[in-house]
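Novice: Numbers 24 to 377, taken from the working numbering, label the letters of the sequence shown in order. The beta carbon of each residue, even a glycine, is placed where N, CA and C say it ideally should be.
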Amino acid sequence: MSIQPQTKEALNFELYDGPGRHWHRWMRQLVYSGIVVMVACTLSLSYFLLPLEGDLKGVEMLVEIPAGSTGRDVARLLHQAEIVRHPRAFALVARLLGFDSDLKAGYYLFSPGMTPLQLLTQIRQGDVATAKVTIPEGFNLEEIASLLARKGLADEERFLRLARDKGLVYGDSCPLDMPVDTLEGYLFPDTYRFAIGQKEEEIIKIMVNRCLEVATPLYEGYEGPLSFHEVLTLASIVEKEAIYDRERPVIAGVFLNRLRIGMRLQADPTVRYVVNEPRSRVLYRDLEVESPYNTYRYPGLPPGPIASPGLASIRAVIEPADVDYMYFVARGDGTHFFSRTFAEHVAARRRFGY
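1. By a C-beta neighbour count over all protein chains shown, 10 Å radius and 16 as the cutoff for buried, is G77 buried or exposed?
2. Of the choices G208, T157, V346, A370, whose alpha-carbon is the least far from that of L279?
3. Given this structure, state the Cα-to-Cα distance separating L164 from R95, to the nearest angstrom.
4. On the three-state DSSP scale, how would you describe A154?
5. If the criterion is Cβ atoms closer than 7 Å, does the pair S362 and Y377 meet it?
6. Between which residues of its own chain and D309 is the CB-CB distance below 7 Å, once the five residues before and five after are set aside?
7. Could you give the residue range of the beta strand (DSSP E) that holds F278?
8. Going by other Cβ atoms of all chains shown within 10 Å of its Cβ, with 16 needed for buried, is P139 buried or exposed?
9. Is the beta carbon of A344 closer than 7 Å to that of G276?
10. To which residues of the same chain is V352 closer than 8 Å at the C-beta, ignoring the five residues directly before and after it?
11. In terms of DSSP beta bridges, what is S362 paired with?
12. Which of the three DSSP states, helix, strand or coil, is assigned to G333?
13. Skipping 5 residues on each side, what residues in its chain have a beta carbon closer than 7 Å to that of Y319?
14. Nearest to V261 by CA position, among I341, P301, L241, is which residue?
15. Buried or exposed, going by whether 16 or more other CB atoms sit within 10 Å of the CB of D213?
16. Contact defined as beta carbons within less than 8 Å: I believe G285 pairs with P322. What is the distance between those atoms, to the nearest angstrom?
17. With distances taken Cα to Cα, identify the nearest neighbour of G121 among A104, I106, T144.
18. Here's the rule: buried if 16 or more other CB atoms are within 10 angstroms of the residue's CB, otherwise exposed. What is E264?
19. With 16 as the cutoff for other CB atoms within 10 Å, does G357 come out buried or exposed?
20. Do you know whose CA, among E224, K174, F162, lies nearest L388's CA?
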């Protein structure tokens, strides 16, 4: 069999790659690039969806995010707090997700097992750390400020200064428009949940608003002689005198009977408020203390509340018991003995060891 020599045209045809071979090479490059992108995306997705294993060391951490922080700022803060290990990746994906310019300031509590995406979402939504605090009925300003300070929610001195600052009392931060010297009695006793780092002005406003929210509807149906401020003032005295709710309307009735005839209230809690010393009983020398709050020396109501009254005491003043008692004395078991005449009252005092 003889081998025929190839013509020039045939040789050129076999050496020519043709468009198909270029197309296959381009497809291979495209596939390789796609694989690289998919791997990168998978790694990024894994980074953001998998927990930060070991970064939080098994404990919750409180971190402050300042106002105006970008994703890069947050990444740096979290890296310094040893919450995230890869701040550049954290900042990059925060920007790619559009979170970079929508991160809210505040104190945040991050828990073990959280993913970077959960961290970013929490900061973007402003889900800040909070603390629950219960203000008991009958607490005065100093006791409230001390409690908030112990909970880490307020600076005690600043809180007291603001609560006694007429610029705040009558400013935009406080809704009161009545003549009061301080916010004593207007910080309603209740259970609150305040944000960590929340300003004292905001806390005060929340508590005053709560007082108005509770007391205003009751006062709107009131037809008695007392102003709103006077109702809170008398309610604060009832709050400090009574232990059991069932006695509050009766005690309020006694004080209102005294006010009606111009008789001094002679309420021990008002003297304690002035003396401001822990004692089991008011001493005779305390009754001579010079102060408009001393209801043993001055007739009528004191200038303002002596504590924060609860709902039961406010209601007791607005809806007092219809009684003809003029006196009462503590029995020693949390209840009181009520009398109509001074002679009965003297006998009751002897009976209960006064």
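Specialist: In short, the structure shows the following:
1. Residue placement at G77 is flagged as unreliable, the pLDDT there being 43, under the threshold of 50; the coordinate-derived value follows with that caveat. Exposed.
2. V346
3. 42 Å
4. strand
5. no
6. V294, V298
7. Not the beta strand (DSSP E): F278 falls in the alpha helix (DSSP H), residues 271-284.
8. buried
9. yes
10. H359, F360, S362, H368, A371, R372, F375, Y377
11. Y350
12. coil
13. R287, Q289, V294, L310
14. I341
15. buried
16. 6 Å
17. T144
18. buried
19. exposed
20. Any answer about residue 388 is impossible in this case: the structure gives the chain only from 24 up to 377.
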